[in-house]
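Each remark here refers to the structure printed beneath this line.
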Amino acid sequence: MKTLVILSQKGGSGKSTLTVHLAVCAVQRGLKTAILDIDHNQASSLRWNETRADDHKIDTAKCTAKELRSYLQMAEKGGVDLVLVDTAPHSNSDSVIAAQLADFILIPCRPALFDLEAIFNTVQLAKATGHSYSVIINAAPRGKLADETRSFLERNSVPVMALTLYQRAAYTHALLDGRSVHEYEPDGKATAEINELYEYISAELKLKRRLVA
Ligand SMILES: Nc1ncnc2c1ncn2[C@@H]1O[C@H](COP(=O)(O)OP(=O)(O)OP(=O)(O)O)[C@@H](O)[C@H]1O
Ligand SMILES: [Mg+2]
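Numbering of the sequence shown is given in the numbering used here, commencing with residue -2 and proceeding in unit increments.
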């Protein structure tokens, strides 16, 4: 079993959006997939799953950071291939616990000054675990901003993916009623970008594609 932790202490960077979308990607590839939501107050991933059609629900549970290790052990016993952990902004102690349990830490970051300033704490925290991690630039407007942000991060020795996730209305439409962009606009650009992100992470984690019955 592999654990993907989506981490950023900056609010609204796209943690929950990426968690649920990457979970759909994994399910589509036949992986036994679970989401653990340690953002107790908002529980966005949990709530998204509750609004999903019954035959499309993904195994999702809410737990505290302190409970995370035992929930992961339960998932492993249950034969889960991939657990995605959605985290809360602001809490340093919860973020540390989640990061320490990760096989890969994905750090979404909007290409904006305040977001960039805030990202360095999360990056330090990820680095301290010794586990693999990378920033993904999310919700970028069209234009040069994503590339400028990437260059800034690279100059500061922060690992950042070559892929950019652009600002796409499809996410908002899809999330409203418990869908993903795959289900809202299968041939859309958001779907293509999120699939590319999944393939990158899948290679990092050496995830296998299983046959879907
Ligand atoms: N690439 C994108 N394009 C358009 N909208 C996006 C994109 N990524 C995220 N959003 C939107 O931005 C808002 C915040 O995203 P989300 O809730 O996933 O962030 P978060 O990091 O989980 O926030 P929090 O820190 O509060 O938990 C949501 O309305 C979401 O639909
Ligand atoms: Mg969230």
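C-beta: ideal position from N, C-alpha, C; glycine also.
Since this is a predicted model, take the numbers as computed values, not measurements.
Contact under 8 angstroms by Cβ, N46 with I55: Position 49 of the sequence shown, counted from the start, is the residue given in the question as residue 46. Position 58 of the sequence shown, counted from the start, is the residue given in the question as residue 55. Result yes, Cβ atoms of N46 and I55 sit closer than 8 angstroms.
My output table needs one value for I32: the three-state DSSP class, helix, strand or coil. The sequence position of residue 32 within the sequence shown is 35, counting from 1. Strand, per DSSP.
Are the CB atoms of R139 and Y163 nearer to each other than 8 angstroms? Taking the sequence shown and counting its residues from 1, one reaches residue 139 at position 142. Taking the sequence shown and counting its residues from 1, one reaches residue 163 at position 166. Contact flag set, yes.
Classification of L173 by the beta-carbon crowding that lies within 10 angstroms, buried from 16 upward: What you label residue 173 is simply residue 176 of the sequence shown in a count that begins at 1. That one is exposed.
Going along the chain, which residues put their C-beta within less than 5 angstroms of some heavy atom in ligand 2? K12, S13, S41
Check each candidate in L15, K29, V157 and name the one with the smallest Cα separation from M(-2). Within the sequence shown, residue -2 is the residue found at index 1, counting from 1. Residue K29 is the option with its Cα nearest to M(-2).
From L4 to T48, what distance separates their C-alpha atoms? Within the sequence shown, residue 4 is the residue found at index 7, counting from 1. Within the sequence shown, residue 48 is the residue found at index 51, counting from 1. In a straight line, the C-alpha of L4 is about 24 angstroms away from that of T48.
Taking L113 as the reference, which of A143, A159, L15 has the closest Cα? Here residue 113 is taken as the residue at index 116 of the sequence shown, counted from 1. Distance check between L113 and each of A143, A159, L15 places A143 closest, using alpha-carbon atoms only.
Short check: CB of A96 to CB of V178, under 8 angstroms? As a working mapping, residue 96 is identified with position 99 in the sequence shown. As a working mapping, residue 178 is identified with position 181 in the sequence shown. No, Cβ-Cβ distance for A96 and V178 is not below 8 angstroms.
So if DSSP puts L1 in a beta bridge, which residue, or which two residues, is it bridged to? To locate residue 1, count along the sequence shown from 1; it is residue 4. According to DSSP, which records beta bridges pairwise, L1 is partnered with L81, F101.
Candidates E145, A58, R176, S13, of which the one nearest D52 by Cα: Residue mapping note: residue 52 aligns to position 55 of the sequence shown, counting from 1. Out of E145, A58, R176, S13, the CA that lies nearest to the CA of D52 is found in R176.
Inspect the beta-carbon positions of N153 and A85 and report whether they are closer than 8 angstroms. Taking the sequence shown and counting its residues from 1, one reaches residue 153 at position 156. Taking the sequence shown and counting its residues from 1, one reaches residue 85 at position 88. No; because the gap between Cβ atoms is not below 8 angstroms, this pair is not in contact.
Exposed or buried, N89, counting other C-beta atoms within 10 Å across all chains shown (16 or more means buried)? For this step, residue 89 is matched to residue 92 along the sequence shown. That one is exposed.
Taking C-alpha atoms, which residue in E64, T0, A31 lies nearest to A99? Your numbering for residue 99 matches position 102 in the sequence shown. Nearest C-alpha to A99: T0.
Which word fits D184, buried or exposed, when buried means at least 16 other C-beta atoms lie within 10 angstroms of its C-beta? On the sequence shown, position 187 is the one that residue 184 refers to. Classification of D184: exposed, given that the 10 Å Cβ count is below 16.
On the criterion of 16 or more Cβ atoms from any shown chain inside 10 Å, does H18 qualify as buried, or is it exposed? Working through the sequence shown from its first residue, we reach residue 18 at position 21. Buried, because 16 or more other Cβ atoms sit within 10 Å of the Cβ of H18.
Taking S129 as the reference, give the member of G75, T57, L202 with the closest Cα. Your numbering for residue 129 matches position 132 in the sequence shown. Ranking G75, T57, L202 by CA distance to the CA of S129 puts L202 first.
Nearest to P105 by CA position, among S131, S199, I32, is which residue? Translated into the one-based positions of the sequence shown, residue 105 becomes position 108. Selected option, being the one with the closest Cα: S131.
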